Structures are given as C-alpha cells and as structure tokens.
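As given, the protein sequences belong to chains A and B, one line each in that order. Numbers 33 to 630, taken from the numbering used here, label the letters of the first sequence in order. Numbers 33 to 630, taken from the numbering used here, label the letters of the second sequence in order.
There are 2 protein chains.
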Amino acid sequence: MRTSIATVSLSGSLTEKLTAASRAGFDGVEIFENDLLASPLTPEEIRGRCADLGLTIDLYQPMRDIEAVPAGEFARNLRRARRKFELMRRLGTDTVLVCSSVHPLAVDDDALAAAQLTELADLASDFGIRVAYEALAWGRHVSTYDHAWRIVESAGHPALGTCLDSFHILSRGSDPKGVEDIPGEKIFFLQLADAPLLAMDVLQWSRHYRCFPGQGGFDITDLVRRVLRTGYDGPLSLEVFNDVYRQADAGPTAVDAHRSLLVLEEAVGVRDLPAPVVPSGIAFAELVTPDAAPLSSLLGALGFVRAARHRSKPVDLWQQGEARLLVNTGPAGRRDGTVLAAIGLESPDPEGASHRAEALLAPVLPRRRATEDAPLDAVAAPDGTELFFCATDRPGRPNWRADFEDVPHDPSAGTVRRVDHLALVQPWHQFDEAALFHRSVLGLHAQESVDVADPYGLMRSRAVTNADGTVRVALSVGAAPTDDTVHAQHIALATDDVVGAARRFREAGGRLLPMPANYYDDLAARFDLTDEELDAYRGLGILYDRDAHGEFRHCYTRTVGRVFFELVQRDAGYRGYGAQNAPVRLAAQHAVNSVTGG
Amino acid sequence: MRTSIATVSLSGSLTEKLTAASRAGFDGVEIFENDLLASPLTPEEIRGRCADLGLTIDLYQPMRDIEAVPAGEFARNLRRARRKFELMRRLGTDTVLVCSSVHPLAVDDDALAAAQLTELADLASDFGIRVAYEALAWGRHVSTYDHAWRIVESAGHPALGTCLDSFHILSRGSDPKGVEDIPGEKIFFLQLADAPLLAMDVLQWSRHYRCFPGQGGFDITDLVRRVLRTGYDGPLSLEVFNDVYRQADAGPTAVDAHRSLLVLEEAVGVRDLPAPVVPSGIAFAELVTPDAAPLSSLLGALGFVRAARHRSKPVDLWQQGEARLLVNTGPAGRRDGTVLAAIGLESPDPEGASHRAEALLAPVLPRRRATEDAPLDAVAAPDGTELFFCATDRPGRPNWRADFEDVPHDPSAGTVRRVDHLALVQPWHQFDEAALFHRSVLGLHAQESVDVADPYGLMRSRAVTNADGTVRVALSVGAAPTDDTVHAQHIALATDDVVGAARRFREAGGRLLPMPANYYDDLAARFDLTDEELDAYRGLGILYDRDAHGEFRHCYTRTVGRVFFELVQRDAGYRGYGAQNAPVRLAAQHAVNSVTGG
C-alpha cells in the first residue's frame with residue numbers, strides 16, 4: 033500500500049519536512065495548512081518540490097467548521113472553499129479533509145449537514161476535488177465515525193466520502209467493527225495515529241500526545257484490518273500531533289514513522305518482511321576507550337581476565353563465564369572517554385536478523401575488516417549504539433570469536449556468569465523510537481514504562497527483553513538534557529553470589545559506589561532480613577528489592593568515562609531492575625561526582 | 033503563620049533543598065522519605081543542619097498502607113512504624129503523616145481503620161509523636177477529607193488527628209465547607225498545592241502537575257480561610273510534585289514557593305504586606321548594546337529621534353510620542369549583542385511598589401548612580417530583566433527624565449504613540465514563576481495561556497496586563513531550550529496607521545520581516561478585506577487578526593542582536609497579540625536566519 037505522512041507530524045520548515053519524508057521512504061504527504069501558509073514557496077513550487085522528491089500530495093485540510101451552520105455562515109464558508117479549491121488545483125492535490133464542526137453556531141441537524149456537504153461537494157467537483165468528511169472526537173454534534181458516515185451516506189454525492197482517523201475512533205472507545213459496513217470506495221482517506229492510554233481530556237490528548245502506530249496503546253492493527261476488508265485502497269497516512277516530535281530532528285522521526293507503518297503493514301498481511309530473528313543472548317559488549325588502563329584495572333577487579341586479542345585490531349577480549357567484554361583502543365576512541373559503543377547479539381540467524389533490520393530502515397553499518405575476519409552483520413540503533421548480529425562458536429556459522437587469538441591467562445576466579453542486562457540512556461527525543469525499534473527490528477518484548485526520580489529530574493525507564501530473559505536492555509531517558517556523567521550507560525553482570533562478588537571486587541582494589549546508612553535502616557524496617565545479611569549489604573553498598581516472584585540484590589562500581597558496572601544477583605522469577613532503589617543509587621552517583629568533581 | 037515546604041517540591045540533594053528553603057525564608061520543612069534515604073547524612077546530622085539553617089522539621093511521611101488491613105499485615109506495619117518512630121526521634125520531628133490506604137488487601141471497614149489507627153497512635157505516643165491521617169484522593173476506601181475525619185473522630189485518640197491537603201480536597205471537587213466542622217486542634221497539619229485545571233487521571237495529575245498556590249486553578253484562599261476559622265495554628269506547608277520543579281534550580285523555585293505563601297497569607301488576612309501599586313504605563317525600555325550604530329539606524333528608521341543623553345552615563349534617550357527607549361553602551365554591554373535589559377514602569381508610587389516587591393522576595397537592585405541622579409527603585413524579575421519603578425515628569429516625584437540633558441533634534445515624523453507591549457521569553461523552568469511574579473508583585477492581571485506552534489517546537493505564551501491595557505507584557509516559553517536568536521525579546525510599538533508606519537520605515541532604509549504570499553491568499557479567503565488593503569499588507573509584510581471586539585494589524589523588523597521590534601495597530605477592544613499569526617512570523621524569522629546565517 034501507499035504510505036503517507038502529515039507534515040504536522042515532523043519538525044522544521046515545510047521543505048525540511050518534505051525532504052525527511054522522502055528520505056524515509058514515504059510515497060506521499062498530507063500538507064498541513066500552517067506549513068503551507070508559512071512557506072515562502074508558491075503552491076506550484078511546493079508541487080514541484082514534492083514531485084522532485086517522489087512524493088504525491090495526498091490530502092490538504094484548510095477548512096474547519098463548514099457544515100450544519102446558518103445560511104450566511106455557510107455562504108462565507110463556500111466562498112472560502114472556492115479559494116482553497118483553487119489553491120489545491122495549483123498544489124495538485126485532489127482530496128480535501130473536512131472535520132466535523134465545532135462551531136458554536138453549528139446545529140444538531142444531520143439533514144442540514146448533509147445538504148451543505150452536498151453543496152460543498154458540488155463545488156469541489158468543479159475543481160476535480162473529493163471531500164473527505166471526518167468525525168472529530170470532540171465534534172460539537174458529530175463525534176463518531178458511524179455518525180459521520182450516516183451523513184455522507186444520506187448525502188449520496190459521488191465527490192463526498194468519509195475519512196477515518198484511528199485516534200478519533202479509538203480514543204472514544206467506539207467499536208471499530210462498524211467500519212466494515214462502509215463501502216471501501218466511500219472511504220476517501222485513512223489517517224493513523226496511536227496514543228498512550230491516558231485518562232485525560234481528549235482534545236489535549238490528541239493535540240500533544242499522539243504517537244506512531246505501535247508506540248501507544250491502541251489496537252491499530254485490528255482497525256486497519258477492518259478498513260482493508262472494505263476494499264479501501266487509499267494510503268495509510270500518519271497524522272501525529274506530538275510535542276516531542278515537533279522538536280526532534282525531522283530525519284530520525286520520519287524514519288521511525290515509516291518503520292511503524294511497515295510493521296503495521298506486515299501485521300495486517302499486506303507487506304512481506306524478513307521474519308524477526310529474536311536474539312538468544314548477549315555475545316559481547318564493546319567498550320571504546322582512549323586509555324585501556326583504568327578500564328583494565330576495573331575489569332580485573334571484577335574478575336574478568338584478558339583472554340584474547342583481535343588478530344588485526346587493537347581490541348582485547350575480556351571474559352568471565354559467558355560475559356564477554358571487548359575493549360577497543362582503536363581510532364574510534366572518543367574524546368569523552370570510555371563509552372559503551374557496541375553490543376553483540378547472539379543470533380540464531382545473523383544474516384536474517386540483519387535483513388529484517390535493513391528492511392525496517394535501520395542503518396546498516398559498513399565494516400572495516402580484514403579479509404580474513406569473520407563477516408559481522410551490524411546495524412545502528414536509534415541512539416547510535418552499534419548492534420552486531422553474531423554467532424559464538426557455533427558450527428556452520430562465521431565465528432567472530434575466531435578473529436581473536438588467545439593470550440596466556442589464568443582462569444577467572446570470579447563468579448560472574450553472564451551479562452544480566454544493559455542499561456542504555458536514550459537521546460531525549462528518541463525514547464518512543466527506541467522502544468519501537470527494539471520491538472519491531474529485534475523482536476524483543478517491551479515491559480511497562482516506569483518513572484524514576486533522579487535528584488535533578490524525573491527519568492523514565494522501559495525494559496525490552498527476549499522470552500527467557502537472556503537478552504535484557506533497560507532503555508531510559510531524562511525529562512530533559514541533563515548531566516551526562518551520571519546518566520552514563522551501564523553493564524549489569526549476573527552472579528549467583530553478589531556479596532562474594534562485591535567482596536572480591538573490593539579486595540582486588542575495586543571501588544564500589546557507597547550507599548547511605550539511612551537506606552539500610554529503611555531496609556530493616558521494610559523486610560525481614562537477618563542482621564548478618566543487612567550488615568553485609570551495608571558494608572558493601574548492596575541494594576535489595578523483592579517482588580512477588582523473587583529477590584534482587586545489586587551494587588555498583590564507580591563510573592569510568594561514561595560507563596559503569598552493576599553486579600546483580602537475580603532470582604529467576606524477579607522481573608524488574610531494582611527501579612525502587614534507583615533514586616538512592618542516582619543520588620549516590622551525584623554525591624560521588626560532586627565530591628570528586630567528575 | 034509558620035511556613036513550611038516539603039523537600040520533594042525542590043530539586044537536588046537533601047542539603048541543597050534545605051539550604052534553598054532556608055534562604056527563601058521558610059520556617060520549616062517536611063522531609064520526604066526518599067530524600068532522607070538517599071542522604072549520606074545521619075538523622076542527627078540532618079537535624080543539626082536544619083537547626084543551623086533555622087528550619088524546624090515539621091513532618092515526616094515514611095508510611096503508606098497502614099490501616100484497615102488484615103491482622104498479620106498490620107503487625108508488620110506496626111513493626112515498621114516502631115523503626116520509623118525511632119528514626120523520627122533522632123530527626124527531632126513529632127508529626128507523622130499517614131495517608132489513607134491503597135493496599136489491595138485493605139477493607140472497607142471504618143471501625144477497623146479507627147481501631148488500627150488508635151493502636152498506631154498509642155505506639156506513637158510512646159515516642160512523643162502525633163499521627164496525622166489524610167485522605168488520598170485515590171485512596172482505596174477513604175478518599176475524602178470528611179471520611180478521614182469521621183474515622184479520626186470515632187477513634188478519639190489524643191495523638192491522632194487529621195491532615196488536610198488542598199490538592200486531595202479540591203481535585204475531587206469536594207465541598208471545602210465541611211472543614212469548618214473539624215476542631216482546629218484535631219487538624220494536625222495543612223498541606224497546600226495548587227494545580228492547573230486539567231481533566232486527567234487524578235493520580236497522574238497529582239504526581240506531575242501540582243504547582244504553588246496562585247499558579248493553578250484551585251481556590252486555595254477560600255480553603256485556607258475555612259481552615260483558619262477552625263483555630264488551626266500549625267504551619268502552611270507546600271507539598272508540590274511537579275516535573276519541572278524537579279529539574280529547576282532549587283534556589284529560584286524556593287523563592288517562588290515562599291512568595292506564593294506570602295501572597296496567600298495576605299489574601300486570608302494573616303499577613304500585612306505593602307499594598308500592590310499597579311504600574312500605569314511603560315516609562316521606558318532600556319536596550320544594552322556593545323555597538324549603538326545598528327540600533328540607532330533601526331530606531332531612526334522607525335521614526336525615533338535621539339532626544340537626550342544621560343548626564344553621567346553613556347545612555348541615549350530615543351523618543352517618539354510616549355515611547356521612550358534608552359540605548360546604553362555602558363559596561364553592562366554583553367557579548368551576545370543587543371539585549372532588552374530593563375523596563376521602566378510608570379508607577380503611581382514608585383517607593384511603595386518597590387517595598388511590595390522587596391516584601392515579596394524580589395531581589396532589590398543596587399544602583400550605581402551619581403549623587404545628583406534621581407533615585408530609582410529597581411528589582412529583578414525572575415528572568416533577570418531589571419524593573420524600575422519610576423515617575424516621568426510628575427511634580428513632587430523624583431524625575432528620572434531630569435537626569436537626561438536634551439540634545440538638539442528635529443521633531444519625529446513618525447506615528448508611533450507608545451509601547452503597545454513587551455514580549456519577554458522566559459527561562460525554560462520559570463514560566464509559572466514569571467506569571468505569579470507579575471501578578472503578585474506588580475498587581476497585573478494574567479490572561480489565559482495559549483499554545484503557539486514554532487516550526488521547531490511548541491511554545492506557550494501568557495500575557496499580563498493592567499486594567500486599561502497601558503502595561504502589557506507577553507511572557508512566553510519554549511517547550512525546551514531552543515534557538516536563542518529567533519526567540520529574542522521584542523518591543524511592540526503602537527501606531528494608529530501601521531501601513532504608513534511600515535512604509536516610512538522601509539523608505540528610511542529599514543528592513544521589514546517578509547511574510548509568505550500564501551499567508552495573504554489565506555487572508556483573502558478568511559476575511560472581507562479590500563484588494564487595496566490586501567496589496568498593502570502583502571507588500572509590507574503586515575499580518576492581520578480580528579476578534580469579536582476589534583482588529584489587529586502588525587509587522588516586524590529584522591532582529592538586532594537579541595531584540596526585534598513590532599509595529600502594532602490595535603483596535604481598542606482587541607485583547608490579543610496576534611497569536612494566530614505567530615507560527616507564520618516564527619517561520620519567517622527562522623527562514624531569514626537560515627538564509628543570513630544569523
């Protein structure tokens with residue numbers, strides 16, 4: 033099917049918006065009236081620009097409060113409509129959206145509405161234009177799609193049809209079943225927007241909180257399936273009013289928008305995409321650093337051993353159990369110190385995973401590699417983290433591990449078994465985008481979003497996981513751009529004995545993040561922990577949480593560059609990440625940074 | 033009365049919060065449990081820090097879901113309470129808040145609730161502690177203040193009273209009349225928060241959108257009057273959960289918070305403040321610039337003449353009608369070019385206005401002035417703009433104008449009569465603060481807030497005015513920190529003939545901001561303007577708006593440094609500022625800046 037996006041969904045000038053929509057692969061656009069009014073381009077120039085960019089102009093919506101109004105008012109509306117139809121002819125678009133009236137003078141009279149819409153459609157016909165009538169959820173008298181359709185049906189004019197909008201239908205809790213009763217050729221347009229399920233005034237909800245399909249809580253898939261059953265063959269068009277997207281760079285927003293439609297098309301069965309290949313583990317995490325020394329001390333204290341070195345690149349492999357960390361001191365090293373630059377995802381089918389990612393618009397990364405190296409399929413996540421799809425020591429698959437030559441080393445004395453989870457702070461504008469990316473491209477499941485109170489602002493956190501919990505990524509975002517040092521990425525390492533692991537780390541010279549004594553007094557009040565347990569936790573800075581299914585114990589290292597580590601002892605049933613303890617941990621990190629000045 | 037603030041209302045570490053509360057003049061604090069848990073200070077050290085800062089600790093709220101629960105659950109709650117009471121003794125606070133239960137096991141049994149609260153109060157008594165029981169608006173079985181009071185009353189325990197919270201009472205639309213039936217000595221605490229009137233889930237509303245009294249839509253004054261009639265003599269305490277204040281600097285937030293309480297105390301008749309002195313006009317606007325040449329050309333083209341020069345400072349007075357602009361090239365000149373640094377407010381009683389401002393915590397500015405200069409009372413607005421309270425050529429008042437010596441000049445040929453309004457972009461975190469400041473300190477009236485779509489993000493704008501419209505200030509804020517060049521401050525100049533004024537400006541070499549042709553095609557569709565009018569507007573870049581009471585025509589100069597000018601022709605009845613046209617104007621400014629690179 034054809035895909036389209038309303039220019040109001042993107043940030044910037046009209047030409048910036050058109051360019052972003054075209055680059056992201058959209059077939060067409062809806063031009064929002066304010067974007068046209070504010071543009072220095074003439075309608076003919078806009079038409080030409082769209083043609084150059086391979087975009088059709090699928091819809092224009094210059095008119096409000098048209099129908100069911102007194103005769104004098106309607107005469108003025110028609111006069112205005114004529115001007116707008118002339119403009120649309122210059123623009124080269126043939127469908128005009130008319131939303132149900134919110135005018136204070138509008139009357140509750142379907143016959144009058146139908147008669148006036150017929151007159152409008154007559155005028156539109158003279159210009160080769162079709163009128164698509166849509167029920168606004170807050171329309172004065174017409175607020176449901178079936179009501180709008182009854183008026184269109186009774187008018188019986190060939191140039192008058194209806195426009196369906198998923199937000200207006202689903203925000204009111206209307207049963208979407210009835211759309212199947214509308215003949216497909218009378219559905220002139222389909223606008224799509226999702227939204228988080230908020231209990232709030234529907235007008236404010238619509239104007240500020242819409243999002244792309246799959247990012248919110250509506251069942252858009254079901255609605256689109258029903259619309260397609262009618263024989264509708266117009267575009268799937270996104271019309272998303274969202275305060276964040278108004279500010280975010282148009283390019284990434286448009287890519288995310290188009291990705292949401294591709295996934296939707298796949299779900300309703302009108303687009304074949306390479307099947308999702310869910311990663312089955314974390315093969316490695318790659319740290320890039322300009323100076324390996326501080327990181328090497330830290331990893332050594334954590335019980336990692338330097339097990340191998342890349343044959344052709346300045347990359348060391350540190351290992352403990354199934355946890356593998358690459359330390360890269362190559363030219364990618366950044367001025368801001370040590371960063372978590374890449375993640376290796378153990379994949380049942382690396383090539384298939386890469387094909388799906390590419391089909392879903394993830395940037396495929398060129399690899400600078402020696403000819404003898406194993407091929408590695410890699411894409412960039414929305415936050416810039418490189419994701420490698422790989423196989424570790426699996427027969428019949430290129431083995432990234434074979435690019436590393438073992439170096440002499442003692443066996444690790446540590447108890448870390450694997451990576452428990454990776455915690456990635458997302459760019460401010462891309463939190464929804466990141467969750468949709470990880471779900472649709474990687475086939476991970478997104479848990480509920482939780483609020484976390486940092487001393488200097490509220491953060492949101494949302495985890496994505498595979499079914500058996502061997503891949504867990506905690507995505508988080510601050511309320512606004514904040515202190516980068518504290519909001520570093522982190523790697524959580526799973527152990528069966530966090531007390532032992534923390535002790536060994538400290539004995540080996542590692543510095544744990546100290547936690548306040550008051551926290552432990554509170555633990556004693558909340559839980560039946562033995563004095564011995566409590567003393568151990570207090571002495572080491574171990575935090576404790578419990579849910580209905582199990583316990584969770586965790587502690588943190590100091591930060592190196594923009595990365596820190598967490599030691600985690602997780603009961604099998606426990607689903608969370610210690611969010612309850614995050615305010616204490618964040619305050620402790622701020623306190624350490626304000627004391628050490630870093 | 034004593035004033036207090038909950039630490040959760042402020043950003044930062046516990047000690048940062050305490051310091052800010054003390055500096056802003058609060059008498060006490062409520063310590064929020066997470067702030068204590070995350071603090072490296074022991075309870076004794078926190079107590080000492082508060083004492084040093086002159087703060088009492090008025091409340092602690094470490095417990096939730098206490099009452100109306102099964103016996104086993106309650107036994108655990110009591111065990112926890114004992115720990116917390118021990119902690120409170122160390123902290124030196126004697127009132128504990130208990131919110132009505134939201135526990136899934138809580139039962140709808142007032143007798144059980146009363147019995148368990150009695151047991152809790154018995155235990156509290158042993159520690160010299162009082163229990164204040166409060167109805168959460170979303171409490172499972174107890175969600176109204178009168179219900180909570182019935183339970184407290186039936187328990188009849190001397191150490192058990194109620195806590196009233198304006199948010200929980202007013203968000204549910206409860207009639208506050210009933211609070212007068214509660215004996216004052218049984219009201220153990222009064223928590224105050226305002227909130228904008230949003231139709232949304234009450235829990236989300238409470239956790240993210242509370243604000244200080246006078247910033248929202250609740251009638252806090254009426255509630256507090258009723259509470260005081262009971263004989264309540266505890267503190268007025270602010271408990272405000274707000275995502276913005278969590279991020280904003282604690283210092284200004286605490287000042288704004290305390291100001292809101294002072295104004296509230298004045299309104300309920302328990303505090304005498306110097307009476308408001310509403311400004312009666314704009315005496316002058318002062319521009320500071322490192323280079324007067326570009327500004328002088330612009331002002332000359334606008335029809336201003338350089339009429340006088342300050343006797344002892346490098347400040348020129350440019351005048352046209354009653355519009356006076358000071359151009360200051362003194363040492364205050366900043367690197368970022370020309371800025372609007374100060375506003376002279378014509379005041380019926382400059383000294384009185386200054387006294388009120390000082391009493392309401394506005395920073396009083398020291399004036400570096402020569403001994404012969406007229407004394408000028410000045411304070412800083414929240415955005416740093418200097419506000420002078422002055423008298424212009426009024427007998428019996430120090431006359432700032434007399435500090436300027438006339439220079440030879442031709443009379444102005446321009447038609448500007450006065451300053452129509454000043455438009456001031458506010459720091460991101462201080463929009464609510466700015467509105468409250470202008471209302472309470474200056475006695476101006478705040479109009480409704482409106483959304484304005486900039487191409488790169490949504491802005492909010494709110495005007496404050498005096499009764500006759502001779503002082504109008506449009507405060508605005510972006511959705512997040514954005515491009516400073518475009519979001520410059522501006523000065524709108526009133527003329528009776530904007531077409532003539534714009535023509536003269538252009539003929540004198542001034543550059544008007546060009547507006548897109550599409551805008552004028554839309555004007556033609558929307559309004560019955562003559563072709564002649566339209567052509568004039570189109571040629572000059574004049575924008576047009578109309579409300580029920582009159583018309584508004586306006587156009588803009590290019591930006592100099594961080595300031596631009598608007599020429600405004602306003603019908604007497606028109607109340608707005610052309611917000612309808614702001615998206616087009618903002619897009620035009622972005623377009624000019626992206627072309628000229630500045």
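Here a beta-carbon is modelled for each residue, glycine too, at the ideal position from N, C-alpha and C. If you're wondering where the values come from, they're calculated on a predicted model, not measured in any experiment.
Under the three-state reduction of DSSP output, R578/A falls in the strand class.
Annotation for Y569/B: the continuous alpha helix (DSSP H) segment containing it runs 563–572.
Here Q458/B is not near G489/A, since their CB atoms are 7 Å or more apart. With a cutoff of 7 Å on beta-carbon distance, F220/A and T127/A are scored as near each other. Excluding its 5 nearest sequence neighbours in each direction, S54/B has C-beta neighbours in its own chain below 8 Å: L85, G86, L87, listed in chain order. Using a CB distance cut-off of 7 Å, N625/A does not count as an interface residue toward chain B. Under a criterion of Cβ atoms nearer than 9 Å, the residues of chain A adjacent to G44/B are, in order, P487, Y488, H622. For Q148/A, the enclosing alpha helix (DSSP H) covers residues 142–158. Boundaries of the alpha helix (DSSP H) harbouring N66/A: 65–69, taken from the DSSP string. A direct Cα-to-Cα measurement between A324/B and D483/B gives close to 35 Å. Contact with chain A is absent for S203/B, since none of that chain's Cβ atoms lies less than 7 Å from the residue's Cβ. The stretch 595–611 of chain B and the stretch 551–566 of chain B do not touch, with fewer than three beta-carbon pairs separated by less than 8 Å. Bridge pairing for F463/A: absent [DSSP]. N66, L68, L69, A70, S71, P72, T74: these are the residues of the stretch 52–74 of chain A whose beta carbon lies less than 7 Å from some beta carbon of chain B, given in chain order.
In this chain, the alpha helix (DSSP H) harbouring Q279/A covers 275–279. DSSP places D348/B inside the beta strand (DSSP E), whose first and last residues are 347–352. For L270/A, the closest C-alpha among the options Q521/A, G541/A, V61/A is that of V61/A. Non-local beta-carbon contacts of V473/B in its own chain, meaning distances under 6 Å to residues more than five positions away in sequence, involve A389, L392, A394 in chain order.
Within chain B, the C-beta atoms nearer than 7 Å to that of A557/A come from R112, R115, K116, in chain order. Annotation: D84/A is outside any beta strand (DSSP E); the continuous alpha helix (DSSP H) that includes it extends over 75–84. Taking a C-beta distance under 7 Å as the contact criterion, E465/A and D288/A qualify as a contact pair.
Beta-bridge annotation (DSSP): N360/B is paired with V320/B, V347/B.
By the Cβ rule, the stretch 63–73 of chain A counts as touching the stretch 609–623 of chain B, because three or more pairs are nearer than 8 Å.
Short of 7 Å from the beta carbon of A156/A, and not among the five residues preceding or following it, lie these beta carbons of its own chain, in chain order: F117, V128, R162, V163, A191. Taking the CA atoms as reference points, L572/A sits about 27 Å from T502/A. Within 10 angstroms of the beta-carbon of P443/B lie fewer than 16 other beta-carbons, which makes it exposed. For Y264/B, the closest of T194/B, V396/B, A282/B by C-alpha to C-alpha distance is T194/B. Using a C-beta cut-off of 8 Å, the stretch 420–437 of chain B makes contact with the stretch 368–388 of chain B, since at least three inter-stretch Cβ pairs fall below that distance.
Around A107/B, no beta-carbon contact reaches into chain A at under 8 Å, the shortest distance being about 12 Å. Y92/B carries a strand assignment under DSSP once its states are collapsed to helix, strand and coil. Taking each of A103/B, M95/B, V505/B in turn and checking the Cα distance to P311/B, the smallest one comes out for V505/B. For R338/B, the pairing in a beta bridge is given by DSSP as W350/B.
In this model, V624/A and L305/A are separated by some 48 Å (Cα to Cα). DSSP places M491/B inside the beta strand (DSSP E), whose first and last residues are 489–497.
Within chain A, the residues whose beta carbon sits less than 7 Å from that of L119/B are D553, listed in sequence order. Every alpha helix (DSSP H) of 4 residues or more that sits fully in the stretch 235–290 of chain B is shown, in chain order, as 252–261, 275–279.
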